[in-house]
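There are 2 protein chains.
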Amino acid sequence: MTEPRWLTDDEREAWLRLMAVTMLLPNRLEQQLKRDAGLSHFEYYVLAMISECADRSLALTELASRTNSSLSRLSHVIARLEAQGLLTRAASPRDGRASIATLTDAGWAKVLASAPGHVEEVRSVVFDALSARQVSQLSDICGRMLATLDPHHRLLGLG
Amino acid sequence: MTEPRWLTDDEREAWLRLMAVTMLLPNRLEQQLKRDAGLSHFEYYVLAMISECADRSLALTELASRTNSSLSRLSHVIARLEAQGLLTRAASPRDGRASIATLTDAGWAKVLASAPGHVEEVRSVVFDALSARQVSQLSDICGRMLATLDPHHRLLGLG
DNA sequence: CGGTTTTAGTTGAAACGTCAAGTTAGCGGT
DNA sequence: ACCGCTAACTTGACGTTTCAACTAAAACCG
C-alpha cells in the first residue's frame, strides 16, 4: 500500500471546522425543535417534506429518498407520527405495494406552528453570520460536495 | 407573534444543500470506517483525539468536549473500547473524580491503520471537489458559523 | 473546619436507529 | 397463465444514544 496523501494545513483547518459544524448544527436544530415543538429534527423534516407536496401526500419510498433515510427507519417514524395523529397511511390506488402518507389537519397545523421558530434558528446560526457573497460560495461548495455524495440528486427533490 | 423572516431563494438553496451535506457526509464516513476498520465514526474520532495527546492520554470531560458528546455517551463508548482492549481507564492522580483514558498499543496501532483510509475518504468527498480558493472560503464560512455554534471553542482543542 | 454546591463520572431504563428476515404486490419473459 | 425476480414496505431483535438518578470527590464559603 502506498503513502497516503495527507491533508495540507489549510485543508486540515477547513476539515476540522466543517467537522465541527456537522457535529454541532444537527444538535442545535434538534434542541430547538424538541423544546419548542416537541419534534425531533427528523420528524419535523418528514412532516415538512410531505407538507410541500400536492394533497399533502407522498409515497414512503420517495419520502425515504428525500429524507435520506432507510425505509425501515421511515416506517418506524411514520408509525409514531400516525399514532400521534399527525398523519395517516393509506394504500396507493395505483400500486398495491406502496403506502402513501398524508398529513392530517393536526399535522398541517403542526408544521405551520413549528416552521417559523425553525427558520429563525437556521437564520440565527447560519445566515446572520454570513454575507450574501458567502451564502453563494457556500451554496457552490456544497453543490460540489453533493456531486460526490448524492450524484443522483436523491435528496434535492427531482429524483 | 410577529411575521417570521423567511429565507430568500438563494438562502433557501444554500440551506437545502448544506442540509444535504450534513445528512450525507456523516453516513459516508461511517460506512468507510465500519467497512475498513470495524469502528464507528465516533469511536474512531475518540481514539484519534486521544492519540494526538501527550502520553496518548486524555481526561474524559475534556474528551467529551472535543468530541461533542455527553459524558454519559462517552462513558458507554469508553467501556466498549476498553473491553476491546483499545484503551484503558485510570483514576487521575491530581483529581480523584477524573478518569483518564490512555490508548493501549493495540489502540495506537488501530489509529495508525485506520487513518489513511479515512483521510482518503475525506479527500475524495471534500477536497478533490474543491479549489484551493474554495477550501479557504469553506474554512471562513464554517468559522463564522462556529462563532455561534461553539463560542468557547470547545471542539477545536484550545478549550 | 463543616456544610453546601459544583464537578466528574457511572449506571440502568427507555427511546431510537439499524439490520436481517418476512410479506405482499407488480413486472418480465415464455 | 405461470414462474421467478424485484420493489415496497413491515416487523422484531439488537445495539447505541439519551435521559434521569445516583455516587463520590473537589471547591467554595462563612
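Chains as they are written, first to last, in UniProt numbering: chain A, 1 to 159; chain B, 1 to 159. Just so it is clear, CB atoms sit at the ideal spot from N, CA and C, and this is done for glycine as well.
For A/L18, the uninterrupted alpha helix (DSSP H) segment begins and ends at D9 to A37. By the Cβ rule, the stretch 22-33 of chain A counts as touching the stretch 121-129 of chain A, because three or more pairs are nearer than 8 Å.
From the beta-carbon of B/P151, no residue of chain A is found nearer than 9 Å; the closest lies around 11 Å away. Residues of the same chain with a CB within less than 8 Å of the CB of A/K110, apart from the 5 flanking positions on each side, are A37, L39, L47 and L86 in chain order. In this structure B/T8 is exposed. Its beta-carbon is surrounded by fewer than 16 other beta-carbon atoms within 10 angstroms. By DSSP's assignment, A/R89 forms a beta bridge with A/A101. By the CB criterion at 7 Å, B/V125 and A/T148 fall inside the cutoff. With a cutoff of 7 Å on beta-carbon distance, B/A64 and B/L74 are scored as near each other. Excluding five sequence positions before and after A/V77, the CB atoms of its chain that fall closer than 7 Å to its own CB belong to F42, E43 and V46, given in chain order.
Your pair A/T88 and A/R56 does not check out as a contact, with CB atoms roughly 10 Å apart and the cut at 8 Å. Just measuring C-alpha positions, the residue of B/M23, B/N68 and B/V135 sitting nearest B/H152 is B/N68. Residues are counted here when their Cβ sits less than 7 Å from a Cβ of chain A; for the stretch 1-33 of chain B these are P4, R5, W6, L7, D10, E11, E13, A14, W15, L16, R17, L18, A20, V21, T22, M23, L24, L25, P26 and R28, given in chain order. Nearest C-alpha to A/W108 among A/P116, A/I50, A/R12 and A/A14: A/I50. Our two residues, A/R35 and B/R17, have alpha carbons roughly 25 Å apart in a direct line.
Straight across, the Cα-Cα distance linking A/L60 with A/A98 is about 7 Å. The beta carbon of A/T102 sits no closer than 7 Å to any beta carbon of chain B. Within chain A, no residue has its beta carbon less than 8 Å from that of B/V111; the closest one is some 13 Å off. Looking at the backbone, the Cα of B/M19 and that of A/N27 are separated by about 13 Å.
Residues of chain B whose Cβ lies closer than 8 Å to the Cβ of A/L156 are, in chain order, L16, R17 and A20. Sequence-distant partners of B/T104 (beyond 5 residues in either direction) whose C-beta falls short of 7 Å from its own C-beta, in its chain, are G85, L86, L87 and T88.
Shown here, A/S69 sits in coil according to DSSP, grouped into three states, outside any helix or strand.
Linking A/L25 to B/M145 through their CA atoms gives a straight-line distance of about 9 Å. Below the 7 Å Cβ cutoff, chain B contributes V21, V125, V126 and A129 as neighbours of A/M145, in chain order.
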